[in-house]
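Engineer: Going down the list, the sequences are from chains A and B.
Each residue of the first sequence is one higher than the last, beginning at 6 in the working numbering.
Each residue of the second sequence is one higher than the last, beginning at 6 in the working numbering.
For glycine and all other residues, C-beta sits at the position ideal for the given N, C-alpha and C.
It should be emphasised that the depicted structure is a prediction, and the values quoted were computed from it without experimental measurement.
There are 2 protein chains.
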Amino acid sequence: MGKGAETRERILEQAVRLASRDGLEGLTIGTLSSELGLSKSGLFAHFGSKDELQLQVLQTAVERFEELVIRPALRAPRGEPRIHALFENWLVWADEEAMPGGCPIVAASVEFDDRPGPQRDFLALAHRRRFDFMAKAARLAIEAGHFRADVDPDQFAFEMDAIVLGHHHTHRMLRDPKAGERARIAFERVLASCRA
Amino acid sequence: MGKGAETRERILEQAVRLASRDGLEGLTIGTLSSELGLSKSGLFAHFGSKDELQLQVLQTAVERFEELVIRPALRAPRGEPRIHALFENWLVWADEEAMPGGCPIVAASVEFDDRPGPQRDFLALAHRRRFDFMAKAARLAIEAGHFRADVDPDQFAFEMDAIVLGHHHTHRMLRDPKAGERARIAFERVLASCRA
DNA sequence: TGACAAATAGTACGATCGTTCGCATTCTTA
DNA sequence: TAAGAATGCGAACGATCGTACTATTTGTCA
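(1) Under 8 angstroms between C-beta atoms, does Gln19 of chain A make it to chain B?
(2) Kindly give me the distance between the Cβ atoms of Phe229 of chain A and Arg187 of chain B, rounded to whole angstroms, as I take these residues to be in contact under 8 angstroms.
(3) Tell me whether Phe138 of chain A sits in a helix, a strand or coil according to DSSP, three-state version.
(4) Based on Cα-Cα distance, which residue from A:His89, A:Glu68, A:Lys45, A:Ala184 lies nearest to Arg134 of chain A?
(5) Have a look at Glu72 of chain B and Ile88 of chain B and give me their C-alpha separation to the nearest angstrom.
(6) Quick one: residues in its chain with C-beta nearer than 6 angstroms to the C-beta of Ile168 of chain A, no 5 flanking neighbours on either side, listed in chain order?
(7) When the distance is taken between beta carbons, is Leu63 of chain A closer than 8 angstroms to Gln124 of chain A?
(8) List the DSSP bridge partners of Arg200 of chain B.
(9) Decide if the segment 106 to 121 of chain B is in contact with the segment 40 to 54 of chain B; the criterion is three or more beta carbon pairs, one per stretch, under 8 angstroms apart.
(10) For Ala142 of chain A, go through chain B and note every residue whose CB falls closer than 8 angstroms to its CB, in chain order.
(11) In terms of residues, what are the limits of the alpha helix (DSSP H) holding Ala78 of chain A?
(12) Output, in sequence order along the chain, the residues in the segment 87 to 111 of chain B whose CB is closer than 8 angstroms to any CB in chain A.
(13) Please state whether the Cβ-Cβ distance between Arg22 of chain A and Asp118 of chain B is less than 8 angstroms.
(14) Grab me the residues of Ser114 of chain B's own chain with a C-beta within less than 6 angstroms of its C-beta, minus the 5 sequence neighbours each way, in chain order.
(15) Phe70 of chain A touches chain B at which residues, Cβ-Cβ below 9 angstroms?
(16) Give the interface partners of Phe163 of chain B over in chain A, defined as CB-CB distance under 7 angstroms, in chain order.
(17) Check each candidate in B:Asp126, B:His132, B:Val97 and name the one with the smallest Cα separation from Gly185 of chain B.
(18) State whether the segment 20 to 40 of chain B contacts the segment 23 to 35 of chain A, with contact taken as three or more CB pairs (one from each stretch) at a distance under 8 angstroms.
(19) According to a CB-to-CB cut-off of less than 7 angstroms, which residues of the segment 24 to 39 of chain A neighbour chain B?
(20) So what does DSSP say about Leu179 of chain B, is it helix, strand or coil?
(21) Assign Pro82 of chain B to one of two classes, buried (16 or more other C-beta atoms within 10 Å of its C-beta) or exposed (fewer than that).
(22) Once you ignore the five residues that flank Glu40 of chain B on each side, which residues in its own chain have a CB closer than 8 angstroms to its CB?
(23) Secondary structure at Arg120 of chain A, three-state DSSP: helix, strand or coil?
(24) With DSSP run on the structure shown, which of helix, strand or coil describes His89 of chain B?
(25) Grouping DSSP H, G and I as helix and E and B as strand, with all else coil, what is Pro105 of chain B?
(26) Could you tell me if Leu196 of chain B is buried or exposed, where buried requires 16 or more neighbouring beta carbons within 10 angstroms of its beta carbon?
(27) Tell me the DSSP secondary structure of Ala99 of chain B in three-state form.
(28) Assuming Cys199 of chain A and Arg153 of chain A make a contact with CB atoms under 8 angstroms, what is their CB distance in whole Å?
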């Protein structure tokens, strides 16, 4: 746990920042190293290949998502409160100052959704887990009596994911200041249709 | 209006195909020219710069969207039938064989949403017009008595856009065969909440 | 403190990027 | 059909890409 790991952390933080703006392919070893005051070869040695760098960037982003969105939601009571917390955390996530280009996972997903390889595999798995988490939250809401018993948890996950994507798009591309409000109204409608 | 325009069409068709898979930056003049059996410089001469090539790719994609999604919808009667046609055409659009990487406009939007420049400007305008079209369709549905008078057309546009994005994501990244069904159920719920 | 390992820098490589320029070919049309 | 414009090719440019190798510095610990 020496100096190497510390440097790698510094590299990955900046790398996530760049990847959120320019994508995983737009992220370049030369640019990254010069912005950090490191040599290209010195930085490269930490990862061995660009593929590996990209994978670690994704890994870092996913960990940060779980830390800032998932884990705080888990501290809320099961059922609708937890779902509500998850949703609100997720909206804030899109404005993380450490990711000036928006969610790097969304960016990478669009970039790699048609290119087989380890990046795509990693992203697919991460998304699958995210979906499962949402579906499980819905299931707990059913058990808690907040949601009706005939609510389809997977359908709920789909709609929640869609609203977040719509928010991301409206917020970042259209710069619409009402994006958050729009997303909340839409989600509230979904919630209303699920309630017991 | 001779041979030049014809070649340019051929170039742009293949360019859209590549851009849908690899993004606008991943689209490279060398690859594009060799796949078409043209010389790099000969192809380049048609556009003068990569920026211009990218812009024309976007222009081509938008024109195709209007031809395959918007215009057919306009042939349906105002109100809910037109909205329904718009939605269904849009879902089919994501599977256009000429765009094996999915909607290039979605890809480019994520790619350029934080990079100022003519590409971003073009995309923002295109999206604005798409939103306006959806909102107008909702307004016509209100006038036709299909939708309640207190429906917010802009909110409707947001939710429709979100569902299409969710479908795109679930379909292309997760390869979930139920993506279309999920999107239809979600949209039906939105429609139900709007009906008079 | 000295030896060994870990971390970083330096340099160079082949490939490819977007772009320029001059020349050949092909079209159009007077 | 001859002239001129439109179109396309070939070669080359400087820059940058990811990567490989060899030094040199820095850190760790017996």
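Structural biologist: With the given structure in hand:
(1) no
(2) Outside the displayed range of chain A (6 to 201) lies residue 229 of chain A, so it cannot be described from this structure.
(3) helix
(4) Selected option, being the one with the closest Cα: A:Glu68.
(5) 16 angstroms
(6) Ala188, Ala191, Phe192
(7) yes
(8) B:Phe152
(9) no
(10) Those do not exist, as Ala142 of chain A stays about 17 angstroms from chain B at its closest Cβ, beyond 8 angstroms.
(11) 76 to 79
(12) Residues of the segment 87 to 111 of chain B whose Cβ lies closer than 8 angstroms to any Cβ of chain A, in chain order: Pro105, Gly106, Gly107, Val111.
(13) no
(14) By the criterion of a C-beta distance shorter than 6 angstroms, Ser114 of chain B is surrounded in its chain by Leu128, once the five residues flanking it on both sides are discounted.
(15) Scanning chain B for C-beta atoms nearer than 9 angstroms to the C-beta of Phe70 of chain A yields nothing, as the closest lies near 16 angstroms away.
(16) Gly171, Thr175, Arg187, Ala191
(17) Measuring from the Cα of Gly185 of chain B, the nearest candidate turns out to be B:Val97.
(18) With the cut-off at 8 angstroms, the segment 20 to 40 of chain B and the segment 23 to 35 of chain A touch.
(19) Arg26, Gly28, Glu30, Gly31
(20) Coil at Leu179 of chain B, not helix or strand.
(21) exposed
(22) If we look at Glu40 of chain B and ignore the five residues flanking it on each side, its Cβ neighbours are Gln19, Leu23.
(23) coil
(24) helix
(25) Looking at Pro105 of chain B - three-state DSSP - the assignment turns out to be coil, as it is neither helix nor strand.
(26) Around the beta carbon of Leu196 of chain B, 16 or more other beta carbons sit within 10 angstroms, so the residue counts as buried.
(27) If DSSP states are grouped into helix, strand and coil, Ala99 of chain B belongs with coil.
(28) Sure, about 6 angstroms apart at Cβ, within 8 angstroms.
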